[in-house]
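One structure is given below, encoded as C-alpha cells.
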Amino acid sequence: MPGRIVGVLLACYLTGISTLASAGVIIGGTRVIYLSDKPDATITIKNNEATVPYLIQTWIDPFNNIQTARKPPFTVIPPVSRLEAGQEKVLRIMKVEGELPQDRESVFWLNIKNIPPTSGKPNSLEIAIKTRIKLFWRPATLNITPERAASRVKWHVQNRQLILENPTPLYINVMNVTVDGKDVPLNIVPPFETLHLPLPEGVNGRALVWRFVNDFGAISQDIKVAL
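Read left to right, the sequence shown gives residues 1 to 227 (full-length UniProt numbering).
Structure below.
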C-alpha cells in the first residue's frame with residue numbers, strides 16, 4: 001500500500017491489564033469507578049511519543065441502545081486539549097445533571113480520541129484513534145465489592161439453557177465462561193438480572209468455569225461451579 005500509515009481507526013475495550021495503549025497515547029486504566037459521594041473521578045493519559053504531540057478529545061456516551069434517549073449526566077474536563085510529547089495529563093469526569101438509580105450501578109462509555117498532527121508529506125495518512133472504556137457510576141450506599149458480588153452469582157442449567165442470576169446491585173464484568181470446556185459468549189451481566197444463554201453444542205452442562213474482572217482491571221482466578 002503506498003504511503004505511510006501512522007494510525008489505525010478503532011474503538012477498543014481491553015481487560016486484565018492496568019493500562020491501555022493506543023499508538024503513542026497510554027491510558028492509565030481499563031475502567032473508571034465513580035463513587036457517588038466523590039466530587040469527580042479521574043484517569044490519566046500520557047503521550048509516550050518522543051516528538052509527536054496529539055490533540056485529545058474526550059466525551060461520555062450511553063452504554064447501550066436503551067440509554068440513547070438520555071444524555072449521559074457527565075462531563076469530561078478538559079473535553080479538548082493538546083498533549084505534548086512526553087506529557088501526562090489527568091482527565092476529570094464530573095457528574096453535572098440528571099438523576100441516576102441509587103439502588104444499583106449505572107454504566108457508560110468514556111471515549112478518548114487522539115488525533116496526530118498532519119505531516120505534510122505526500123502519500124501519508126494520519127488517522128485518529130478512539131479508545132473507549134467503561135465508566136461505572138456506583139452509589140456510595142452500595143456496600144459491596146465486585147469480588148463479593150461475583151461470589152453471589154448463581155448458575156444452573158434448564159432445558160438446554162445456561163441460566164445466570166445476578167442478585168447484586170453491581171454489574172458483573174465477565175472475562176470468560178466455559179461449560180464442559182466449551183466457550184459461552186458473555187461480557188457483562190446487569191444488576192438484578194437473570195440471563196438465559198444457549199448451551200454450546202455437544203455438552204451436557206455439568207461443569208462450569210468462569211472468571212470476572214475487578215475494579216482495577218485484574219482478572220480473577222478460575223471459579224469452578226458444578227451445574
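Virtual Cβ for every residue (Gly too), placed ideally from N, Cα, C.
Cβ shell of residue i (< 6 Å), same chain only, five flanking positions each side left out
i, result
"Val177", "Val184, Leu186, Trp210"
"Tyr13", "At Tyr13 the pLDDT is 35, less than 50, meaning the model places this residue with poor confidence and gives no usable figure here."
"Trp155", "Leu164, Leu208, Val225"
"Gln87", "Asn47"
Residue nearest to residue i in terms of C-alpha spacing, selected from the options
i, options, result
"Gly202", "Gln57, Leu170, Arg160, Pro191", "Arg160"
"Lys38", "Ile163, Pro191, Tyr171, Arg138", "Arg138"
"Ala218", "Arg206, Val189, Met175", "Met175"
"Glu97", "Phe74, Trp109, Leu227", "Phe74"
"Phe63", "Val90, Val189, Val80", "Val189"
"Asp215", "Leu227, Gly205, Leu170, Ile77", "Leu170"
"Trp59", "Leu197, Leu35, Leu135", "Leu135"
"residue 285", "Leu55, His196, Arg152", "Residue 285 cannot be examined here, being either before or after the span of the chain that is shown, 1 to 227."
"Lys182", "Asn166, Asn173, Leu199, Thr194", "Leu199"
"Arg92", "Pro117, Val25, Gln57", "Gln57"
"Lys71", "Ser119, Asp222, Phe108, Ile223", "Phe108"
"Ile45", "Ser81, Val179, Asp61", "Ser81"
"Leu162", "Lys130, Arg206, Val32", "Arg206"
Extent of the continuous alpha helix (DSSP H) to which residue i belongs
i, result
"Ser220", "Per DSSP, Ser220 belongs to no alpha helix (DSSP H) and is neither H nor E."
"Ala149", "146-151"
Bounding residues of the beta strand (DSSP E) (the contiguous stretch that carries residue i)
i, result
"Tyr171", "Premise fails: Tyr171 is in no beta strand (DSSP E) and is neither H nor E."
"Arg82", "80-83"
"Asp61", "54-62"
"Glu165", "161-165"
"Ser106", "106-115"
"Arg132", "129-138"
"Asn47", "41-47"
Outcome for residue i when other beta-carbon atoms lying within 10 angstroms are tallied against a minimum of 16
i, result
"Lys113", "buried"
"Phe212", "buried"
"Phe192", "exposed"
"Ile133", "buried"
"Thr15", "At Thr15, the pLDDT of 34 sits below 50, so the modelled position is not reliable; the number obtained from the coordinates is stated separately. The residue is buried, with at least 16 neighbouring Cβ atoms inside 10 Å."
"Ile77", "exposed"
"Pro117", "exposed"
"Leu35", "exposed"
"Pro146", "buried"
"Arg152", "exposed"
Neighbourhood of residue i by C-beta, 7 Å cutoff - its chain only, sequence neighbours within 5 removed
i, result
"Ala85", "Asn47, Glu49, Ala50, Thr51, Val52, Pro53"
At least 3 beta-carbon pairs within less than 8 Å: the stretch 134-152 vs the stretch 96-105: In the pairwise beta carbon analysis, the stretch 134-152 is classified as touching the stretch 96-105: at least three pairs are separated by under 8 Å.
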